[in-house]
Amino acid sequence: MGLFGFFNQSSLSRDMGIDLGTANTLVFVSGKGIVLQEPSVIAIDSKDKQTLAVGEDAKKMLGRTPGSVVVSRPLRNGVIADFDTAELMLKHFIQRANGGRTVNPRIVVGIPSGVTGVEQQALMNAALRAGAREVHVVDEPLAAAIGAGLPVTEPIGNMIIDIGGGTTEIAVLSYNGTVESESVRVAGDELNEAIIHYMKKIHNMIIGERTAEEVKIRIGSAYPTRNDDDAVMEVRGLHLLSGLPRTVTIKGPEIRESMSEPLLVIIEAVKRTLERTPPELAADIVDRGIMLAGGGALLRGINTLISHETGIITHIADEPLNCVVLGTGKVLENFNQMERVFSGRSQHQ
Ligand code: ADP
Ligand code: MG
């Protein structure tokens, strides 16, 4: 590498957009794009408090470690269960995305709206300690809407539903701001829980969280279609009565049925938000449709279910898992015009 290349690399400030999600953390670096996409999981040795693994490596350890190793998802329910581990994880991801170099990025971070002011402050401090020069927090649904390409700067009503792991965030946005919103702690994790519960009750079988997630992704659906109804899958777990491993074959429709309760909670929240929406904006939403983002948007038939229940057309974003981080990236690129979206939550070194 020539001197000029070296100069460029070391002096360019690599600004970062971060989606600190309850299930996945993504990092966008300006000029590069998405450089990191990892589960929001960290494994810590409880004896000496050493970090053993972060991200995918830590997720593989979930439910598979001896008692001395604590594998946790610090943002699991959209609230921070443990400040210290959340901080450790965030610092680790920032440093990894930075490639170990000591650049002092400006960071824009999207965090679940259920996170309290005090918790937000703790995360901003963690980012500053990880080397950020300044940190700005943006509302997750707003970032998701920007990333999904909705025209949020215009005085036009847009509705976004971001179904993540721990929370579903529903928001009506217009003119750079949130007009109405609701956050419910029912999303992908609760769908997994519902499958675990169903397997136990109907098939006398205990399955783990990762298996439940696999079932959901492979044969789960939110609304009937002929293809899904033919889907079957062999599931392994422990027989409740004998305590021995066994395999059962399950079908798509029973998994859909097992998830109906948490899906109803999401639908009810969407309806409540629509009911509170001022009429002009509601009319815009009817014209333009509802946008779906987050990993939950990939559940088969979720768009049809929402359309059916609300009477409004529903679109799935192009890259539902990347919307928030792409939104933070767009905020970085248009930083000076976008000052309004930070709602005063910024902090500098
Ligand atoms: P968060 O923003 O809370 O970190 P994500 O937007 O990354 O969450 O979405 C994670 C959730 O999406 C998980 O619950 C995961 O099981 C779910 N998910 C991912 N892919 C699919 C799929 N193909 N079908 C259904 N659910 C999915
Ligand atoms: Mg998210």
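The number in my numbering is simply the position in the sequence shown, starting from 1, with 2 added.
Where is the CB? At the ideal position from N, CA and C, for every residue including glycine.
Boundaries of the beta strand (DSSP E) in which residue 217 is found, first to last residue: Position 215 of the sequence shown, counted from the first residue, corresponds to residue 217. No beta strand (DSSP E) holds residue 217; the alpha helix (DSSP H) holding it covers 211-221.
Proximity to residue 40 [Cα-Cα], best of 30, 312 and 129: If you number the sequence shown from 1, residue 40 lands on position 38. Of the candidates 30, 312 and 129, the one whose C-alpha sits nearest the C-alpha of residue 40 is 30.
Taking only the alpha-carbon atoms, compute the straight-line gap between residue 249 and residue 119 and give it to the nearest angstrom. Against the sequence shown, residue 249 aligns to sequence position 247. Against the sequence shown, residue 119 aligns to sequence position 117. When rounded, the distance between both Cα atoms is 47 Å.
Compute every distance between the C-beta of residue 116 and the non-hydrogen atoms of the ligand MG, then say whether any falls below 8 Å. Here residue 116 is taken as the residue at index 114 of the sequence shown, counted from 1. Taken from the Cβ of residue 116, every heavy atom of the ligand MG lies 8 Å or farther away.
Ordered along the chain, which non-local residues of its own chain (more than five positions away) have a Cβ less than 6 Å from that of residue 350? If you number the sequence shown from 1, residue 350 lands on position 348. Cβ within range, chain order: 136.
Using the Cα positions of residue 412 and residue 20, report the straight-line distance between them to the nearest angstrom. Not covered by the structure: residue 412. The range shown for the chain is 3 to 351.
The ligand ADP and residue 215: does the residue's C-beta get closer than 8 Å to at least one heavy atom of that ligand? Position 213 of the sequence shown holds residue 215. It does: the Cβ of residue 215 is within 8 Å (strictly closer) of some heavy atom of the ligand ADP.
Among 240, 344 and 190, whose alpha-carbon lies nearest the alpha-carbon of residue 209? Residue numbering aside, residue 209 sits at position 207 when the sequence shown is read from its first letter. Minimum Cα distance to residue 209 is reached at 240.
Under 8 Å from any heavy atom of the ligand MG, does the C-beta of residue 159 make it? Along the sequence shown, one-based indexing puts residue 159 at 157. Checking the Cβ of residue 159 against the ligand MG gives no.
Neighbour flag for residue 312 against chain D, beta carbons, 9 Å: The chain inventory of the structure shown lacks chain D, comprising one protein chain alone.
Using 8 Å as the threshold, is the segment 77-95 in touch with the segment 120-128, meaning 3 or more CB pairs across them? Yes: the two stretches touch, three or more of their Cβ pairs being nearer than 8 Å.
Residue 156 to residue 179 span [Cα, whole Å]: Here residue 156 is taken as the residue at index 154 of the sequence shown, counted from 1. Here residue 179 is taken as the residue at index 177 of the sequence shown, counted from 1. Between residue 156 and residue 179, the C-alpha separation is close to 10 Å.
So, with DSSP's three-state summary, where would you put residue 280? Taking the sequence shown and counting its residues from 1, one reaches residue 280 at position 278. In the structure shown, residue 280 sits in coil (DSSP, three-state: anything other than H, G, I, E or B).
Strand pairing of residue 336, partner residues [DSSP]: Along the sequence shown, one-based indexing puts residue 336 at 334. Looking at the DSSP assignment, residue 336 forms no beta bridge with any residue, so it has no partner.
Tell whether a beta-carbon distance below 9 Å holds between residue 161 and residue 279. On the sequence shown, position 159 is the one that residue 161 refers to. On the sequence shown, position 277 is the one that residue 279 refers to. With a cutoff of 9 Å on beta-carbon distance, residue 161 and residue 279 are scored as near each other.
Residue environment, residue 204, which counts as buried when at least 16 other CB atoms sit within 10 Å: As a working note, residue 204 is residue 202 in the sequence shown. Answer is exposed; the Cβ neighbour count stays below 16.
Quick one: what's got a C-beta closer than 6 Å to residue 298's C-beta in the same chain, skipping five residues either side? The residue labelled residue 298 in the question sits at position 296 within the sequence shown. Closer than 6 Å at Cβ, skipping near neighbours: 165, 189 and 190.
Can you list the beta strand (DSSP E) stretches of 3 or more residues lying completely in the segment 61-137, in chain order? Considered as a whole, the segment 61-137 harbours 71-74 and 108-113 as its complete beta strand (DSSP E) runs of no fewer than 3 residues, in chain order.
Using a threshold of 9 Å, state whether the C-beta atoms of residue 252 and residue 221 are closer than that. For the purposes of this step, residue 252 is identified with residue 250 of the sequence shown, where counting begins at 1. For the purposes of this step, residue 221 is identified with residue 219 of the sequence shown, where counting begins at 1. Against a cut-off of 9 Å, the Cβ pair of residue 221 and residue 252 comes out as a contact.
Closer than 8 Å: residue 330 CB and nearest the ligand ADP heavy atom: Residue mapping note: residue 330 aligns to position 328 of the sequence shown, counting from 1. Every heavy atom of the ligand ADP is 8 Å or more from the Cβ of residue 330, so no.
Check each candidate in 231, 158 and 150 and name the one with the smallest Cα separation from residue 285. Numbered from its first residue, the sequence shown carries residue 285 at position 283. Measuring from the Cα of residue 285, the nearest candidate turns out to be 158.
Under a Cβ-count criterion, where at least 16 other Cβ atoms within 10 Å of its own Cβ denotes burial, should residue 246 be classed as buried or exposed? Position 244 of the sequence shown holds residue 246. Residue 246 should be labelled exposed.
Apart from the five residues on each side of it in sequence, which residues of its chain come closer than 6 Å, Cβ to Cβ, to residue 264? For this step, residue 264 is matched to residue 262 along the sequence shown. 188, 192, 193 and 196, listed in sequence order.
Taking only three categories from DSSP, how would you classify residue 320? Numbered from 1 along the sequence shown, position 318 holds the residue referred to as residue 320. Three-state result, residue 320: coil.
Assign residue 351 to one of three DSSP states: helix, strand, or coil. Your numbering for residue 351 matches position 349 in the sequence shown. Reduced to three states, the DSSP call for residue 351 is coil.
Would residue 340 and residue 319 qualify as a contact pair, given that the criterion is a beta-carbon distance under 9 Å? Residue mapping note: residue 340 aligns to position 338 of the sequence shown, counting from 1. Residue mapping note: residue 319 aligns to position 317 of the sequence shown, counting from 1. With a cutoff of 9 Å on beta-carbon distance, residue 340 and residue 319 are scored as not near each other.
Tell me whether residue 323 counts as near the ligand ADP, meaning its Cβ is closer than 8 Å to at least one heavy atom of that ligand. In the sequence shown, counting from the first residue as 1, residue 323 sits at position 321. Remark: the C-beta of residue 323 is in contact range of the ligand ADP, defined as less than 8 Å to any heavy atom.
Between 26, 312 and 140, which has its C-alpha nearest residue 75's C-alpha? What you label residue 75 is simply residue 73 of the sequence shown in a count that begins at 1. When the alpha-carbon of residue 75 is set against those of 26, 312 and 140, the nearest one is in 26.
Based on Cα-Cα distance, which residue from 49, 260 and 201 lies nearest to residue 236? Residue numbering aside, residue 236 sits at position 234 when the sequence shown is read from its first letter. Of 49, 260 and 201, the residue nearest in Cα terms is 201.
If you compare alpha carbons, which of 343, 16 and 117 is closest to residue 145? Translated into positions along the sequence shown, residue 145 becomes position 143. Between residue 145 and the set 343, 16 and 117, the nearest pair of CA atoms involves 343.
Please list, in chain order, all residues of the same chain as residue 276 whose beta carbon is under 7 Å from its beta carbon, the five residues on each side excluded. Reading the sequence shown from its first residue, position 274 is the one you call residue 276. If you ignore the 5 residues before and after residue 276, its C-beta comes within less than 7 Å of the C-beta of 284 and 312, all in its own chain and listed in chain order.
Is residue 51 close to the ligand ADP? I mean its beta-carbon at under 8 Å from any heavy atom of the ligand. Mapped onto the sequence shown, residue 51 falls at position 49. Not so, every heavy atom of the ligand ADP lies at least 8 Å from the Cβ.
Heavy atom of the ligand ADP less than 8 Å from the Cβ of residue 433, yes or no? The structure shown does not extend to residue 433, since the chain is modelled only from 3 through 351, so no value can be given for it.
Report buried or exposed for residue 243, applying the criterion of at least 16 other Cβ atoms within 10 angstroms of its Cβ. On the sequence shown, residue 243 is found 241 positions in, with the first residue counted as 1. Residue 243 is exposed by the Cβ-count criterion.
Would you mind sorting residue 338 into buried or exposed? The rule is 16 or more other CB atoms within 10 Å of its CB. Mapped onto the sequence shown, residue 338 falls at position 336. Counting Cβ neighbours within 10 Å, residue 338 comes out exposed, since fewer than 16 surround it.
7 Å Cβ shell around residue 322 - same chain, five flanking residues per side excluded: The count along the sequence shown starts at 1 and reaches residue 322 at position 320. Within the same chain, residue 322 has close Cβ partners 294, 295, 296, 297, 299 and 300.
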